[in-house]
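Only one structure is covered here, and it is reproduced in the block below.
4 protein chains.
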Amino acid sequence: MIDSLRVAVIGVGNNTSALVQGLAFYRNTGSLIGIARPEVDGLAVGDVRVVAAFARSDGKVGKDLHEAIFAAPNNFPRVEADLPPAGVTVQRGLFDATGIERIAGALTGAEVVLYSAPSGRPEIALAYAEAALAAGAAFVNTTADPVARDAGLAGRFAAAALPLIGDDLASQFGVSVLHRTLLDLLAARGLTLAGSYQVNLGGTEDFRNLVANPDAKKRSKANALGSDLVGIAPLGYLPHLGSQKIAHLNIEARGWAGSAVSLDVHLKVHDPAGAAGVNIDLVRLAGAAVRSGRGGYLPEAAALLKSPPGTAV
Amino acid sequence: MIDSLRVAVIGVGNNTSALVQGLAFYRNTGSLIGIARPEVDGLAVGDVRVVAAFARSDGKVGKDLHEAIFAAPNNFPRVEADLPPAGVTVQRGLFDATGIERIAGALTGAEVVLYSAPSGRPEIALAYAEAALAAGAAFVNTTADPVARDAGLAGRFAAAALPLIGDDLASQFGVSVLHRTLLDLLAARGLTLAGSYQVNLGGTEDFRNLVANPDAKKRSKANALGSDLVGIAPLGYLPHLGSQKIAHLNIEARGWAGSAVSLDVHLKVHDPAGAAGVNIDLVRLAGAAVRSGRGGYLPEAAALLKSPPGTAV
Amino acid sequence: MIDSLRVAVIGVGNNTSALVQGLAFYRNTGSLIGIARPEVDGLAVGDVRVVAAFARSDGKVGKDLHEAIFAAPNNFPRVEADLPPAGVTVQRGLFDATGIERIAGALTGAEVVLYSAPSGRPEIALAYAEAALAAGAAFVNTTADPVARDAGLAGRFAAAALPLIGDDLASQFGVSVLHRTLLDLLAARGLTLAGSYQVNLGGTEDFRNLVANPDAKKRSKANALGSDLVGIAPLGYLPHLGSQKIAHLNIEARGWAGSAVSLDVHLKVHDPAGAAGVNIDLVRLAGAAVRSGRGGYLPEAAALLKSPPGTAV
Amino acid sequence: MIDSLRVAVIGVGNNTSALVQGLAFYRNTGSLIGIARPEVDGLAVGDVRVVAAFARSDGKVGKDLHEAIFAAPNNFPRVEADLPPAGVTVQRGLFDATGIERIAGALTGAEVVLYSAPSGRPEIALAYAEAALAAGAAFVNTTADPVARDAGLAGRFAAAALPLIGDDLASQFGVSVLHRTLLDLLAARGLTLAGSYQVNLGGTEDFRNLVANPDAKKRSKANALGSDLVGIAPLGYLPHLGSQKIAHLNIEARGWAGSAVSLDVHLKVHDPAGAAGVNIDLVRLAGAAVRSGRGGYLPEAAALLKSPPGTAV
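Below you can see the structure in the form of structure tokens.
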């Protein structure tokens with residue numbers, strides 16, 4: 267039997283809640299529901315074990331991980347009625363770039379550090395990467411901050427035979443991939459696009475942050491779809507949606523003799539579950555690589571990321 | 267400049283209305299809207315010309331083709347306000363397998379015979395194919411009746427260096443391809459299907475016939491989607507929809523830790539336009555082949571057909 | 267404090283499951299969620315107590331009521347993880363009109379008999395009504411079978427100072443009321459109806475029975491909406507929906523200068539919950555009346571019924 | 267036969283385009299489609315005649331009214347293929363509060379002045395009202411600017427026996443009334459609201475202006491629906507929608523035992539048609555009143571206005 271993969275999580279938000287609850291769910295039920303890859307390089311979902319966790323808010327630090335994941339503003343729902351203590355106490359995370367040594371010493375043997383804090387503080391992301399490097403662990407950056415795209419840092423991870431994966435997690439099933447697939451299908455059948463729109467609504471803290479700074483997101487979505495005819499409505503932060511994300515897509519096209527083809531799509535997902543479903547693969551890719559001494563960037567991770575090395579910083 | 271491709275149409279229903287109106291529309295406007303392939307083997311859409319038409323009802327026979335296409339029960343909408351006479355008078359079609367010679371003599375030099383009558387009378391379909399063979403024309407069978415799948419007949423067309431294309435037209439953009447694409451996308455992302463349904467509503471005479479004999483259609487759809495979890499609701503014939511077809515699709519899936527993913531799709535198309543958009547390609551494939559002396563079945567047509575040779579009769 | 271209202275239930279299907287689970291839910295939680303009337307004539311929801319239950323299938327008879335409600339083909343979901351035994355054992359019900367005395371003797375002091383078996387066996391419904399009459403209990407008929415509309419029977423209940431309520435339960439929130447409300451709203455604003463449709467999908471045993479005999483239901487719905495322009499698609503029985511009912515409504519209207527107004531509605535409800543939400547009121551109306559000696563038909567129940575006395579049998 | 271009602275329109279935007287095209291459509295066709303009230307105080311739709319029009323942009327001034335209504339940025343669609351000249355030349359409107367006398371002299375005998383310019387310039391709205399007063403015409407203010415709510419002005423109109431109607435046109439069929447109706451229906455059936463949202467998308471110049479200043483509109487909508495549980499997403503300006511307005515509504519409620527009831531609505535309307543359908547009634551109310559010498563505010567207009575006198579300025 268394979269040894270459990272030891273993972274440290276940085277950030278105890280919704281994505282970590284979904285990941286941690288899912289690990290317990292799969293261990294208890296033996297289910298493979300919603301699992302894209304039962305094994306990644308020999309590592310099953312059940313082989314992943316969280317051994318350390320770091321957060322910043324008083325509502326989480328000092329609590330057992332299985333209690334901290336339900337502290338506000340987290341709102342990913344409870345998966346199972348009973349969740350026994352994890353046996354991992356959430357430790358205080360970094361507020362700036364100082365404290366790298368403390369973190370390195372507190373990783374308690376983690377082989378992979380999963381960085382799952384909010385985007386927008388690259389200096390803190392880099393500090394955690396330094397801590398992983400110092401402790402001999404792989405580093406997975408799920409935020410939009412440029413870490414794996416930092417060529418110097420990537421070189422030092424490679425030299426240390428440690429994997430460095432990032433940046434910016436792609437969702438397991440997102441609105442953009444659905445919109446893209448439908449537009450491609452219509453084009454492949456010879457239909458002419460007349461107009462299209464996308465409305466995104468959500469209720470998480472992450473979503474609230476996006477709404478406060480929507481332009482980058484909107485621009486990135488419009489770019490992804492690549493057409494003047496595709497309108498992206500402003501993001502709508504609706505707290506009562508909780509961790510649910512809702513999208514309305516419309517595509518109007520023209521077929522033979524200009525005949526109308528109209529397609530409306532209503533999608534409901536839980537973003538944190540979509541993140542966890544990808545994080546479980548990234549962590550296993552990183553774990554398998556660190557165990558076999560493959561350092562630096564892992565190209566097989568690119569399909570799971572929005573901004574892998576080689577894309578613009 | 268290439269000579270116009272001379273086509274005879276058998277059946278003056280909605281599909282023929284859409285085809286004929288579209289030919290006028292594209293000629294008048296020079297538009298390429300909704301055209302999957304501007305050229306097929308050198309033949310543009312504007313190169314196709316209808317030179318003969320056959321129907322059975324008194325409301326159509328003896329009328330100019332551009333008048334007959336609006337006779338009841340046809341309900342495909344008028345594309346352009348003004349449509350001058352076609353100069354082609356609709357002739358009386360066959361009521362049984364006798365009269366092949368009369369038809370052969372009345373094809374007025376057609377290079378391609380497009381068979382677009384209702385499904386369910388294979389002996390009549392075969393009689394028209396014999397007429398095409400006798401007159402030296404290619405034959406395209408858009409109905410579900412087995413014609414191109416008749417190996418003996420296909421051999422005789424091949425021997426005469428005449429193309430024989432069929433059977434059963436696939437729509438340019440149908441519900442099944444959309445449903446299949448979405449189910450495949452979810453599976454590719456690792457989501458687990460929990461349940462799905464498809465509701466089809468329409469208002470044409472074709473649709474009314476399907477409703478009267480729904481089992482074959484329902485079974486074929488369920489087979490196409492290949493899962494016990496996909497339910498096909500009974501077809502709904504709603505005359506006020508006219509030639510519009512409406513589908514409601516739902517897909518419920520489970521992601522990480524069983525998290526719900528819910529997808530609802532509302533599709534509106536005009537079936538006759540979807541048929542014409544494919545017929546224009548089949549006719550051009552057949553026309554190019556007959557001109558270059560390629561007889562028998564044309565494998566390049568398979569993607570545009572539901573039951574090409576090799577599938578069950 | 268008021269005495270609990272003693273109720274006997276005939277039929278242990280989904281509607282009884284929803285009613286019984288809801289009684290436990292409201293007692294445990296003190297919640298008023300989804301309750302239209304906290305008190306009916308002084309009776310709160312928590313005052314209703316089931317003291318006897320009758321069913322016919324071997325999978326239910328002899329079991330505790332809180333176990334029997336989950337037996338197949340019932341599929342209303344479990345409301346709460348833990349449901350202690352009810353202390354009421356399900357008794358064998360009637361298979362024909364004989365056995366009235368046995369039932370009357372087994373009602374164990376019930377003040378109200380709630381008849382919640384499948385529609386279509388009026389002689390059995392009448393037999394239970396006789397048993398209630400014999401035992402001095404009020405009778406509530408939730409099926410479409412004519413019981414309260416039987417003038418002779420109503421007279422005998424009135425003479426005995428026993429209430430007789432029925433027939434045919436209206437849902438707390440159904441598709442017809444929603445469709446009707448929207449059509450009325452459009453008409454009130456001066457819009458002209460161009461066409462409308464309604465699609466109903468469900469997965470219960472009740473729904474399967476309706477699908478097997480759809481015409482009556484379809485006719486009744488079309489009548490309810492009163493227009494040739496409103497099409498009712500065939501009912502779709504989709505087992506994977508469980509007790510969920512799904513409706514798709516569309517309304518196309520025309521406003522100023524014929525301008526299009528288009529309205530699409532997607533409704534998801536659980537039919538058994540919609541039934542229980544009305545049954546709780548009928549039972550309390552009947553209970554208050556029987557306690558105050560008001561017999562015969564209760565006009566205040568009419569709004570909760572589809573076919574009260576005075577409508578066609 | 268009644269004399270035609272002489273109307274002057276201020277502003278030649280989409281709403282005026284819809285009104286003017288509709289007047290021609292109803293005159294040509296004799297249709298009553300989409301007409302809430304065939305007669306208002308004896309005045310039929312066909313009795314209304316536009317005798318003067320004022321605009322500010324060079325693209326409209328000096329043109330025949332039937333040409334000017336199609337000038338950019340107007341994008342209400344063409345109702346009929348052929349629209350002969352109106353015989354009314356668009357005159358230059360006001361840019362500030364000077365020029366009242368010129369306008370009064372150019373109303374060419376109008377009995378009613380319909381003020382249909384963009385909101386946000388109250389001093390100009392008031393100047394046109396003064397011009398109407400000076401010329402002895404009724405005044406209808408369809409903008410949100412306080413005109414009819416100006417008590418001094420209303421008194422002067424009353425003293426002159428001239429009607430003054432306003433402010434802020436309600437749409438013939440809007441999102442708010444639909445949302446309100448559905449929430450009321452659920453409440454009436456005893457369901458408990460769990461959460462709701464409303465998304466509004468549009469492509470007109472009016473909509474672009476609202477997006478630039480969304481807070482007032484959003485606040486007014488939230489107030490109209492009166493609940494913290496109802497979220498209003500930011501308005502989405504999507505130019506390719508043209509004059510079409512699209513709304514997505516969702517209502518999540520709970521019924522018996524907390525059972526979920528879910529309602530999704532997709533509405534498509536043309537805002538300018540919704541405005542014209544109400545303007546035709548306001549104009550006739552004002553016309554009938556001016557002819558019978560009833561001056562000042564007309565209470566029967568209140569149901570067609572968002573901010574009649576008595577509501578906050």
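So the protein sequences, as listed, match chains A, B, C and D.
At position 78 of the first sequence the residue is numbered 344 (my numbering), and the sequence of numbers has no breaks.
At position 140 of the second sequence the residue is numbered 406 (my numbering), and the sequence of numbers has no breaks.
At position 211 of the third sequence the residue is numbered 477 (my numbering), and the sequence of numbers has no breaks.
At position 272 of the fourth sequence the residue is numbered 538 (my numbering), and the sequence of numbers has no breaks.
Beta carbons are placed, not taken as given, at the ideal position from N, Cα and C, and that holds for glycine.
With distances taken Cα to Cα, identify the nearest neighbour of residue i among the options.
{"i": "residue 268 (chain B)", "options": "B:310, B:301, B:302, B:375", "result": "B:310"}
{"i": "residue 313 (chain C)", "options": "C:476, C:471, C:293", "result": "C:293"}
{"i": "residue 323 (chain B)", "options": "B:352, B:278, B:363", "result": "B:278"}
{"i": "residue 287 (chain A)", "options": "A:521, A:302, A:347, A:276", "result": "A:347"}
{"i": "residue 562 (chain C)", "options": "C:569, C:575, C:550", "result": "C:575"}
{"i": "residue 236 (chain A)", "options": "B:355, B:295, B:273", "result": "With chain A covering 267 to 579 only, the question about residue 236 (chain A) has no answer from this structure."}
{"i": "residue 363 (chain C)", "options": "C:389, C:382, C:477, C:476", "result": "C:389"}
{"i": "residue 308 (chain B)", "options": "B:579, B:432, B:437, B:558", "result": "B:558"}
{"i": "residue 552 (chain A)", "options": "A:430, A:542, A:499", "result": "A:430"}
{"i": "residue 476 (chain D)", "options": "D:330, D:386, D:541", "result": "D:386"}
{"i": "residue 493 (chain B)", "options": "B:330, B:459, B:297", "result": "B:459"}
{"i": "residue 352 (chain B)", "options": "B:548, B:283, B:530, B:439", "result": "B:283"}
{"i": "residue 354 (chain B)", "options": "B:521, B:376, B:370, B:339", "result": "B:376"}
{"i": "residue 424 (chain B)", "options": "B:398, B:301, B:446", "result": "B:398"}
Rounded to whole angstroms, what is the Cα-Cα separation between residue i and residue j?
{"i": "residue 374 (chain A)", "j": "residue 317 (chain A)", "result": "7 Å"}
{"i": "residue 337 (chain B)", "j": "residue 572 (chain A)", "result": "55 Å"}
{"i": "residue 412 (chain B)", "j": "residue 393 (chain B)", "result": "12 Å"}
{"i": "residue 407 (chain A)", "j": "residue 545 (chain A)", "result": "10 Å"}
{"i": "residue 239 (chain C)", "j": "residue 518 (chain C)", "result": "Absent from the structure is residue 239 (chain C), since the part of chain C shown begins at 267 and ends at 579."}
{"i": "residue 536 (chain C)", "j": "residue 327 (chain C)", "result": "25 Å"}
{"i": "residue 414 (chain C)", "j": "residue 469 (chain B)", "result": "41 Å"}
{"i": "residue 614 (chain D)", "j": "residue 379 (chain D)", "result": "Past the edges of chain D, shown from 267 to 579, lies residue 614 (chain D), and the structure says nothing about it."}
{"i": "residue 503 (chain D)", "j": "residue 513 (chain D)", "result": "12 Å"}
{"i": "residue 342 (chain A)", "j": "residue 335 (chain B)", "result": "58 Å"}
{"i": "residue 273 (chain B)", "j": "residue 345 (chain B)", "result": "21 Å"}
{"i": "residue 366 (chain C)", "j": "residue 443 (chain D)", "result": "54 Å"}
{"i": "residue 463 (chain A)", "j": "residue 434 (chain D)", "result": "30 Å"}
{"i": "residue 474 (chain A)", "j": "residue 285 (chain A)", "result": "21 Å"}
{"i": "residue 538 (chain C)", "j": "residue 303 (chain D)", "result": "43 Å"}
Where do the ends of the beta strand (DSSP E) carrying residue i lie?
{"i": "residue 510 (chain D)", "result": "510 to 520"}
{"i": "residue 458 (chain A)", "result": "458 to 468"}
{"i": "residue 276 (chain A)", "result": "271 to 276"}
{"i": "residue 321 (chain A)", "result": "314 to 321"}
{"i": "residue 358 (chain C)", "result": "356 to 358"}
{"i": "residue 380 (chain B)", "result": "378 to 381"}
DSSP beta-bridge partners for residue i?
{"i": "residue 534 (chain D)", "result": "C:528, D:512"}
{"i": "residue 411 (chain D)", "result": "Residue 411 (chain D) pairs with nothing; no bridge assigned."}
{"i": "residue 497 (chain C)", "result": "C:463"}
Quick one: give me the first and last residue of the alpha helix (DSSP H) that residue i is part of.
{"i": "residue 280 (chain D)", "result": "280 to 295"}
{"i": "residue 299 (chain A)", "result": "Run containing residue 299 (chain A): none; DSSP gives neither H nor E here."}
{"i": "residue 395 (chain D)", "result": "388 to 401"}
{"i": "residue 444 (chain B)", "result": "441 to 454"}
{"i": "residue 349 (chain B)", "result": "Element bounds for residue 349 (chain B): n/a, residue is neither H nor E."}
{"i": "residue 635 (chain B)", "result": "Any answer about residue 635 (chain B) is impossible in this case: the structure gives chain B only from 267 up to 579."}
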